[in-house]
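Here the structure is laid out as structure tokens; the discussion comes afterwards.
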Amino acid sequence: SPEASPETLIRRISLDLRGLPPSLNELRHFVRSLEVPLAERETTGAAFSPEEYSDLVDTMINSSHYGERMAQDWLDLARYGDTNGYHNDSARAMWLYRDYVIDSFNSNKPYDRFIVENMAGDLLPEASD
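Using the numbering used here, you'd call the opening residue of the sequence shown number 989 and step up by one each time.
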């Protein structure tokens, strides 16, 4: 298949890493920041230079939405829910765990540390509320 346009690639990266489409301002910023004119890019087949691509990915990863998107799969596996379900739909104080998982992804916490904290929880010497 043909290579995606810069706009399409920006949208795909944003949806993959943040779960949201890029804002109009982000789209304008990244399309404007491209150093090589679009006509030259079409002949070379490159939508972004490696530096531009790296900057785009870094911007998406540094967004707070990155942790929210990456935490979805983990929270699904952990059977996380904000409520008890439709039969007894009362709120639960589980949001602290959700925020902990999101913060762990956003801070790039090492996986082994994340697993130890999940398994040991408040039994760790430096445990907090």
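Cβ coordinates follow ideal geometry from the N, Cα and C atoms, glycine included.
* To do: Whole angstroms is fine: what's the gap from V1045's alpha carbon to D1061's?
  => Straight-line measurement puts the Cα of D1061 at about 20 Å from the Cα of V1045.
* Asked: Sorted by chain position, which residues of the same chain lie with C-beta nearer than 6 Å to T1047's C-beta, five sequence neighbours on each side aside?
  -> Correct list: empty, nothing qualifies.
* Asked: Would a C-beta distance cut-off of 8 Å place R1086 and G1007 closer than the cut-off?
  -> Contact flag unset, no.
* Beta-carbon proximity list for P1010, same chain, < 7 Å, skipping 5 on both sides -> Closer than 7 Å at the Cβ level, and outside the excluded window around P1010, lie I998, R999, S1002.
* L1063 and V1089: beta carbons closer than 8 Å? -> A contact, by the Cβ cut-off of 8 Å.
* **7 Å Cβ shell around V1019 - same chain, five flanking residues per side excluded** => In its chain, beyond the 5 residues on either side, P994, E995 have a beta carbon closer than 7 Å to the beta carbon of V1019.
* Asked: Which residue's Cα is closest to the Cα of E991: D1004, I1103, F1036, R1016?
  -> Per the Cα distances, F1036.
* Quick one: residues in its chain with C-beta nearer than 7 Å to the C-beta of S1051, no 5 flanking neighbours on either side, listed in chain order? => Hits under 7 Å: R1006.
* Flag this pair as yes or no: are the beta carbons of S1092 and F1102 separated by less than 8 Å? => The beta carbons of S1092 and F1102 sit closer together than 8 Å.
* Asked: What residue from D1110, H1017, S989 has the CA that sits closest to D1043's CA?
  -> Here the closest residue by C-alpha is H1017.
* Asked: From L1112 to N1106, what distance separates their C-alpha atoms?
  -> In this structure, the straight-line span from the alpha carbon of L1112 to that of N1106 is close to 10 Å.
* To do: Return the bridge partner residues of T1047 from the DSSP annotation.
  => Residue pairing from DSSP leaves T1047 without any beta-bridge partner.
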